[in-house]
Structure formats: C-alpha cells, structure tokens
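Chemist: Structure provided below as structure tokens; questions to follow.
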Amino acid sequence: MIQPSFPGGTHPPGHKTATADARSEICPLPAELVIPLAQHVGAPALPCVTAGQWVARGQLVGRANGFVSVPVHASTSGLVTAVEPRPHPCGADLPAVVLQPDGADTWADEYQKQSFHVLSVEAMLERIREAGVVGMGGAAFPTHVKLDPPQGKVIDTVIVNAVECEPWLTADRRVLLEQTEKVLTGLEILQEISGADHAYIGLEDNQPDVARLLAPHCQKRGIGLAVLPTKYPQGAERQLIYAVTGRRVPARGLPMDVGVLVQNVGTIAALTDAVTRGRPLIERMVTISGPAVVRPQNLRVRIGTPVAHLLEHCGVTEEPAMVILGGPMMGSAQHTPAVPVVRGTSGVLAFRRQDLPTTTAGPCVRCGRCVNACPMNLQPTFIADFARRDELELAERFAARNCIECGSCSFICPANIPLVQSIRYAKGAILARRRRI
Amino acid sequence: MMAAVICLGSLGFVAALLLGMAARRFAVTVDPRQVALMDILAGANCGACGFPGCDAYARALVAGTAKPDLCRPGGAETLKRIATILGVAVTERPPQIAVVRCQGDLQHARLKYAYQGLQDCRAAQKLARGPKLCPAGCLGLGSCVQHCPFDALAIDSRGLAMVNRSRCTGCGLCVTICPRQVLALAPANETIHVLCNNRESSARVKSYCNAGCLGCRLCVRTAPESFVMDSFLAKVRYGYGEPSTMAEAIARCPHHCILNLDEQGNNQTLPTPHSVRERSTP
C-alpha cells in the first residue's frame with residue numbers, strides 16, 4: 000500500500016543503480032587508522048590511551064565525557080602511534096587516536112551471544128551507551144539519549160528509517176537486505192526499551208524488492224510496512240513521522256513530544272550487536288560512489304579508515320575535483336582525502352571537474368518554487384534575502400530556525416541562488432546573537 | 000454647489016480645530032539641547048557609542064546617563080561641541096583607526112578549499128572554519144566592507160580588506176563584524192603595525208602562509224621597548240616607539256610582517272572611489 004506523504008519536497012535524480020544490487024564487501028584495513036574522539040553530537044570523548052600503547056580490537060580508547068557523549072573504541076588491534084589533532088570531516092583538525100594496525104585483528108574480549116530477553120532495560124541502555132552507538136544516518140546523535148526520554152514523555156511508536164532519500168547512497172538498503180534479522184531483532188529491542196506498542200518500517204517505493212522481502216516478516220511480527228512515494232527529504236525525521244503516522248512534531252519540539260522514536264537502519268543493526276553481543280560500534284556500511292569512482296560499491300568499513308584508502312580501493316578515473324562525505328544534498332565537501340570515515344559517514348562520493356556546477360547565482364525571479372519545495376513550509380527566498388541584508392529579526396520572524404537544512408530550495412532554484420546556505424548562516428547568526436544578549 | 004462648499008468647508012474647519020487642539024494637548028517636548036546634539040553627532044548610526052543610533056545617544060546625553068566622549072566617528076571636534084552644549088568639561092580621547100592585520104593574499108597564504116558559497120566572510124567561516132588554511136587570516140569576502148557606515152573599507156586587488164585611513168573614524172563596527180578578528184583598532188597617529196593575526200607557532204604559521212608572524216622574537220630583541228609578544232605573535236606597543244630601533248626591527252623581520260604604512264606610500268589608503276556618497280555631517 001502506498002501512502003500519502005509530507006507537503007513539499009523535491010525529486011533529485013537517484014543515481015542508485017550503480018551500487019544498489021551488489022553485495023557489500025569488507026574493506027581491507029588501511030596502513031593507518033585515524034579515530035576522531037568527536038564523532039557524535041555532544042562533548043568529545045576523553046582519550047584514555049597514550050602513544051606507544053598496544054590496543055585490541057574493540058578496546059576503549061576514549062571515555063564518554065558526560066551524559067550526551069559516547070565512548071570511542073579501537074577499530075582493530077594495533078599500536079597507538081599518536082593522540083593528536085588530525086583532519087576531521089567537519090573541516091577543522093580535531094583530536095584523534097592514530098592507530099597502526101598489526102594485522103592480527105584480535106578482539107579485546109570474547110563475547111557470548113546472548114538473547115536480549117534476559118536483560119533489563121537499564122542493562123540494555125548501558126550496553127548501548129558503552130558500545131558508543133549513535134545515529135548513523137548522519138546526525139550522529141547518541142542513541143542512549145534518544146532512548147532515555149525525560150519523565151512524562153511516553154513513546155508509543157517506533158519507526159525504522161530505511162528511506163535513504165539522498166541520491167547515490169544505498170548503504171541503508173544493503174544493511175536492510177543483508178542483515179534483515181539483525182534489524183528486526185533491533186526493532187524488538189527498541190520496542191522493549193521504549194515500551195512502544197506500534198512499530199513501522201518506513202521505505203520508499205523505489206525499493207519494491209526490499210518491500211517484498213520484508214512483507215512476510217512484518218506480517219508475522221505485527222510490524223507496519225509504510226511504503227512511501229519517493230521524494231526528498233523523506234528520510235528527515237519530521238517528514239518521515241508525518242508521512243507514516245500523520246503526526247506533526249512541533250516546530251521547536253522533538254519526536255518524543257508526539258510519542259515517536261525514529262532510528263536509522265544502520266543504527267538499529269549496530270544496537271543489536273551492542274545488546275546481544277556486547278560489540279562496540281567500530282564498523283559501518285559506507286557507499287563509495289560517484290562519477291569519478293571506477294568500481295562503485297558498498298563497503299563495510301572500519302571507523303577511522305581514511306577516505307583516500309577507500310578511493311584507492313575502489314579506484315578513481317582521475318583525481319576527484321570534489322569529495323563529499325554523506326549524501327550530495329546534505330553531506331559536506333572535504334578539503335583533503337586524509338579525513339577518516341566516522342560513525343555518521345554514510346557515503347563517500349567523488350566527482351570530476353565536469354560534474355561540478357559552473358553557473359553563478361542570478362537574481363530571484365519570484366517563481367516560488369522554493370516555497371513549494373520547502374518541507375517545513377517556510378519561505379526560503381525571503382529568509383535568504385533577510386540573511387543577506389543582515390535583518391536577523393525578520394529572518395527569525397519568518398521562522399528561519401525551523402529550517403532543517405535539507406537543501407531542497409537550493410536544488411530547485413532556477414536562478415541558482417544559494418538559499419539554504421544563506422538560511423544556515425542566518426540560523427547561526429540568530430543563535431550567536433541570542434547567546435550574546 | 001453652495002451646499003457642498005459649506006459642507007466641506009465646515010468639515011475642514013472642524014478637523015483643523017481638532018488637529019490644532021491635539022497638537023497642543025499631545026505635544027512632545029524635546030529638550031532643545033537634544034536637537035542641537037543631533038545636528039552635531041556623526042549621523043551614521045554606527046553604534047560605536049553603545050546606543051541604538053545617534054538619536055538614542057543624544058537622548059542619553061541630555062538625560063546625563065551617557066559619557067560625552069563616546070561618539071568616535073565625530074572625533075575631537077564633535078566632543079568639543081558636545082561639551083559646549085552640555086556645559087561639561089571633557090578630556091579628549093586619542094582618535095583610533097582600524098587596521099587589517101593580515102597580508103596573506105593568494106600569493107602568500109595557502110587555501111584549504113575553493114569556496115563557492117555565499118559571498119560573506121561569516122558564512123564562509125561556518126564552512127569548515129573558512130577556506131583559508133590560516134585560521135586567523137583575512138577571508139576577503141568583504142563582510143566588513145558591506146557594514147562600514149563610512150565607506151572606509153574595500154577589498155583590494157590582492158583580495159584582502161583595506162582601510163582608507165582618511166575615511167576611517169574608528170567606530171569599531173568592522174571589528175565586531177569580522178568573524179576572525181582580523182581587524183583591530185589602533186591609535187590613529189601610529190603608522191607601524193604588525194600585520195598578522197595568527198598566534199600559533201612558527202611551524203604552523205609556515206604551513207599556512209609566507210607572510211605571517213613566526214614568533215621569532217627578532218623584533219622584540221631588536222626593539223624591546225616597542226614590541227611585545229602575545230603567544231607567538233609580535234605586537235607593537237603603541238606609544239612606546241623609538242623610530243630608529245623600530246626601523247631596524249622592520250628591516251630584520253624575516254616574513255616582512257611589520258610595516259610602516261606611511262613609508263610604504265600610505266600602504267593602507269585608497270584613492271577615493273567615485274561611487275561613494277559624501278559624509279553628510281562633519
């Protein structure tokens with residue numbers, strides 16, 4: 000059954016065929032792993048190893064620093080060569096543990112596989128926190144915080160976000176196809192922890208094979224399968240919640256305010272590993288694709304693998320003119336291929352020079368396409384205009400802070416105006432001014 | 000016809016009467032000193048005084064809640080006239096001027112990435128902390144130029160911000176606008192400045208730029224009175240200069256980042272552009 004969807008949105012070309020149907024492979028270990036201590040929203044982890052120390056696979060290398068923070072683990076066994084600032088996908092040099100793999104890949108402990116039914120909710124939350132599980136769709140918000148709502152908030156619905164609305168990316172699709180059982184177990188764990196009665200898997204109708212595969216499982220377990228019309232940004236939390244349940248998350252609120260919990264497919268697979276096997280999050284599915292890549296594919300990559308290693312493994316036709324971590328709509332272009340894959344990296348996309356836009360911004364023609372496309376019902380052209388003129392009060396009155404930065408407005412603009420960029424600036428400036436006052 | 004004239008005439012008369020009464024009844028009394036002050040103040044609404052515009056500052060002056068020496072664009076002349084109107088004694092503040100503390104143009108400074116987004120320094124700074132490798136260098140996208148109420152700033156051919164010393168009033172708006180604090184205020188009579196803003200060690204500065212202060216302390220050793228170190232960045236001790244030793248320090252600086260702006264043929268002044276509007280008030 001195809002359901003109605005959220006208002007607005009755009010239809011960027013998918014480009015998913017190159018990587019959608021090939022089984023994922025294991026990425027060989029690089030010569031050096033760079034494991035940043037800040038891979039999540041919240042306080043960076045505190046390093047607890049020193050240069051010259053040998054660490055085992057899965058051993059703690061950074062302790063969580065506060066409630067909204069998660070620990071960081073060694074992705075393989077080897078020698079810590081340095082704890083120093085290294086290039087980070089955010090653009091700055093941030094503290095990271097540099098690891099030289101010894102090739103043996105020995106685990107720190109032998110874990111017994113265990114059913115989650117014997118564990119209490121607190122024990123499961125503790126395991127999730129200790130494993131360093133964060134939102135793997137890109138935001139990297141600590142999962143244990145999301146699962147531990149404040150008193151008085153009741154969660155009745157869990158939604159698995161398998162939408163993957165960003166072009167090029169197929170990592171979530173591969174996780175769902177190859178680790179179906181793990182995801183379904185994870186959904187049970189989520190229901191157990193949150194006490195939610197209803198569970199849904201949100202999919203787009205461009206993946207009918209996944210829907211066919213999941214249908215019998217969902218029927219057996221009483222899970223709703225929501226097949227939604229393909230549209231960007233369906234995978235954004237608020238849009239997905241509206242499309243699946245019809246509930247509107249208040250502008251400044253959180254999904255828990257309407258009793259919903261949304262988790263990405265990759266996060267759920269990692270969470271199952273954490274709860275049933277005590278395994279930390281040291282590996283993730285990454286789509287390596289783009290016109291400059293010779294063998295586009297999905298790889299299971301250890302956290303901390305430099306992007307240069309992935310591009311070398313998959314081959315590039317030429318020196319890529321632009322490398323984007325994440326999807327092309329919301330991901331960030333990188334200034335050096337030395338940046339590592341972190342927990343929130345869903346894709347590595349390499350583009351040639353001729354793929355990059357060359358047109359410059361023109362004047363607004365007042366066509367209103369950005370207004371129609373905005374999934375948050377904002378008026379991007381006005382907000383961007385206010386931002387350029389530094390009229391922050393007006394930008395705030397036009398609800399600039401509600402922008403989810405999906406980039407639909409910039410994508411649709413026939414005059415190539417950097418709309419979302421301006422709005423992002425306005426959001427930052429409004430917050431900065433608020434802090435000053 | 001007659002009826003219409005009488006009707007409209009009487010209506011007009013009544014309305015005039017009402018307006019006249021209202022004008023007397025609700026008249027706003029403005030201190031004549033405030034009106035006089037408004038004529039004197041620079042009229043740029045730059046906010047250097049800390050009040051939202053010249054009007055608010057004039058009101059505060061008359062109310063006695065503001066110091067009389069806060070109008071920096073007006074300078075000594077305005078201060079004198081404020082003092083006469085308010086009848087208070089004032090001491091003059093030395094005039095200040097903005098200095099762009101960066102020489103890292105594209106020939107000297109290395110880029111981290113090619114920036115194509117919104118042409119605004121503060122927006123560029125949000126993207127991976129700016130397109131320049133140096134975290135303290137001028138981005139040259141001109142946020143300061145856009146906000147300068149006196150048209151005293153421009154982006155020069157090298158892609159760096161540049162102060163027109165004859166136009167700059169030292170209001171300090173650009174200092175608050177610049178996301179990297181490249182601009183700073185310095186005494187207007189001083190011409191020797193260290194044109195670098197990076198406090199990091201020499202190895203890091205060298206990796207960013209060929210025109211940055213390395214923190215080698217040569218200037219401090221040559222002219223200990225005139226220079227002082229702030230971490231790995233040399234700074235001029237304004238007002239303690241001794242021209243001959245300072246000239247020696249300038250000559251010895253390995254990256255040539257100490258400059259005498261006068262000597263360099265008014266290095267930071269610009270020919271007046273045609274398009275700029277004249278300042279309306281003295």
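Protein chains in written order, with numbering that gives the first Met the number 0: chain A, 0 to 436; chain B, 0 to 281.
Glycine included, C-beta positions come from ideal geometry on N, C-alpha and C.
In this text, all values refer to a predicted model and were calculated from it rather than measured experimentally.
Listing by chain order, which chain B residues have their CB less than 7 Å from the CB of Gly7/A?
Modeler: Going along chain B, no residue has its Cβ under 7 Å from Gly7/A, so there is no contact; the nearest lies around 23 Å.
Chemist: Using a cut-off of 8 Å between C-beta atoms, extract the partners of Asp119/B located in chain A.
Modeler: Near Asp119/B (Cβ distances below 8 Å), the residues of chain A are Arg387, Tyr424.
Chemist: Tell me, please, which residues DSSP counts as bridged to Asp229/B.
Modeler: Partner(s): Leu232/B.
Chemist: Just the Cα atoms here: how many angstroms apart are Cys101/B and Ala35/B?
Modeler: Answer to the nearest angstrom: the Cα atoms are 41 Å apart.
Chemist: Spatial neighbours of Gly137/A within its chain, please: C-beta separation below 7 Å, excluding the five flanking residues on both sides.
Modeler: Correct list, in chain order: Gly325, Met329, Gly343, Ser345.
Chemist: With distances taken from CA atoms, which of Gly265/A, Val67/A, Gly134/A is nearest Gly41/A?
Modeler: Comparing Cα-Cα distances from Gly41/A to each of Gly265/A, Val67/A, Gly134/A, the minimum goes to Val67/A.
Chemist: Between which two residues does the alpha helix (DSSP H) harbouring Ser74/A extend?
Modeler: It is not in any alpha helix (DSSP H) - Ser74/A carries neither H nor E in the DSSP assignment.
Chemist: From the DSSP output, in three-state form, read off Pro242/B for me.
Modeler: Pro242/B: helix per DSSP, three-state reduction.
Chemist: Spell out whether any CB of chain A is found under 9 Å from the CB atom of Gly237/B.
Modeler: According to the sequence provided, residue 237/B is Tyr. The question's Gly does not apply to it. No, its Cβ sits nowhere closer than 9 Å to a Cβ of chain A.
Chemist: Buried or exposed for Arg172/A, going by 16 or more other Cβ atoms inside 10 Å?
Modeler: Buried, by the Cβ-count rule.
Chemist: With a CB to CB cut of under 7 Å and the five nearest residues on each side skipped, what residues in its chain are close to Met245/B?
Modeler: Ile191, Ala222, Ser225, listed in sequence order.
Chemist: Report the residue from Asn371/A, Pro279/A, Ala349/A, Ile422/A whose alpha carbon sits nearest the alpha carbon of Ala107/A.
Modeler: The candidate whose alpha carbon is nearest that of Ala107/A is Pro279/A.
Chemist: Among the residues of its own chain, which have a CB less than 7 Å from the CB of Trp167/A, if the five just before and after it don't count?
Modeler: These residues qualify, in order along the chain: His14, Lys15, Thr286, Ser288, Gly289, Gly326, Pro327, Gly346, Leu348.
Chemist: Quickly, what does DSSP pair Thr9/A with across the bridge? List them, please.
Modeler: Looking at the DSSP assignment, Thr9/A forms a beta bridge with Tyr231/A.
Chemist: Whose C-beta lies closer than 6 Å to the C-beta of Cys164/A among residues of the same chain, with five residues either side of it excluded?
Modeler: Taken in chain order, the residues that qualify are Tyr231, Pro232, Gln233, Gly234.
Chemist: Drop a sphere of 10 angstroms on the beta-carbon of Ile436/A, count the other beta-carbons inside from all chains shown, and report buried for 16 or more, exposed for fewer.
Modeler: The residue in question, Ile436/A, is exposed, as its Cβ has fewer than 16 Cβ neighbours within 10 Å.
Chemist: Quick one: does Lys111/B have its CB under 9 Å from some CB of chain A?
Modeler: Yes, its Cβ sits closer than 9 Å to a Cβ of chain A.
Chemist: Thr358/A: buried (16+ other C-beta within 10 angstroms of its C-beta) or exposed?
Modeler: The residue is exposed, with fewer than 16 neighbouring Cβ atoms inside 10 Å.
Chemist: Check this for me: beta carbons of Ala225/A and Ile200/A, under 9 Å apart or not?
Modeler: Cβ atoms of Ala225/A and Ile200/A: closer than 9 Å.
Chemist: Look at Pro339/A and Gly303/A and say whether their C-beta atoms are less than 9 Å apart.
Modeler: Yes, Cβ-Cβ distance for Pro339/A and Gly303/A is below 9 Å.
Chemist: So Ala428/A contacts chain B; which residues on that side make the cut at Cβ distance below 8 Å?
Modeler: Simply Arg121.
Chemist: Smallest Cα separation from Tyr110/A: which of Gln190/A, Gly277/A, Pro413/A, Ala103/A?
Modeler: Among Gln190/A, Gly277/A, Pro413/A, Ala103/A, the Cα nearest to that of Tyr110/A is on Gly277/A.
Chemist: Would Ser230/B be called buried (16 or more neighbouring beta carbons within 10 Å of its own) or exposed?
Modeler: With fewer than 16 Cβ atoms within 10 Å of its Cβ, Ser230/B is classed as exposed.
Chemist: Is there contact between the stretch 111 to 127 of chain A and the stretch 140 to 148 of chain A, where contact requires at least three CB pairs shorter than 8 Å?
Modeler: Judged by Cβ distances under 8 Å, the stretch 111 to 127 of chain A makes contact with the stretch 140 to 148 of chain A, as three or more pairs qualify.
Chemist: Could you tell me if Gly86/B is buried or exposed, where buried requires 16 or more neighbouring beta carbons within 10 angstroms of its beta carbon?
Modeler: Exposed, because fewer than 16 other Cβ atoms sit within 10 Å of the Cβ of Gly86/B.
Chemist: From the DSSP output, in three-state form, read off Ser165/B for me.
Modeler: Correct three-state label for Ser165/B: coil.
Chemist: Taking the beta strand (DSSP E) that His197/A belongs to, which residues open and close that run?
Modeler: Where His197/A is concerned, the enclosing beta strand (DSSP E) stretches over 197 to 203.
Chemist: Taking Leu36/A as the reference, which of Gln113/A, Gln99/A, Pro88/A, Leu418/A has the closest Cα?
Modeler: Among Gln113/A, Gln99/A, Pro88/A, Leu418/A, the Cα nearest to that of Leu36/A belongs to Pro88/A.
Chemist: Return the bridge partner residues of Phe350/A from the DSSP annotation.
Modeler: According to DSSP, which records beta bridges pairwise, Phe350/A is partnered with Met321/A.
Chemist: Measuring CA to CA, which of Leu93/A, Pro11/A, Asp20/A is closest to Ile34/A?
Modeler: Of the candidates Leu93/A, Pro11/A, Asp20/A, the one whose C-alpha sits nearest the C-alpha of Ile34/A is Leu93/A.
Chemist: With burial defined as no fewer than 16 other Cβ atoms inside 10 Å of the residue's Cβ, what is the status of Val341/A: buried or exposed?
Modeler: So Val341/A ends up on the buried side.
Chemist: Looking at chain C, is there any beta carbon in it that lies within less than 9 Å of the beta carbon of Ala91/A?
Modeler: Of the protein chains in the structure, A and B, none is chain C.
Chemist: Show which residues of chain A have a CB atom less than 8 Å away from the CB atom of Lys125/B.
Modeler: Neighbours of Lys125/B on chain A, chain order: Arg423, Tyr424, Gly427.
Chemist: Give me the residue from Glu392/A, Asp20/A, Lys219/A, Arg299/A with the minimum Cα distance to Pro207/A.
Modeler: Ranking Glu392/A, Asp20/A, Lys219/A, Arg299/A by Cα distance to Pro207/A puts Asp20/A first.
Chemist: Measure from the C-beta of Arg128/B to each C-beta in chain A and report whether the shortest distance is under 9 Å.
Modeler: By this cut-off, Arg128/B is an interface position.
Chemist: Can you pull the chain B residues whose beta carbon is under 7 Å from the beta carbon of Gln233/A, in chain order?
Modeler: By Cβ distance, chain B contributes nothing, its closest Cβ being about 26 Å from Gln233/A, past 7 Å.
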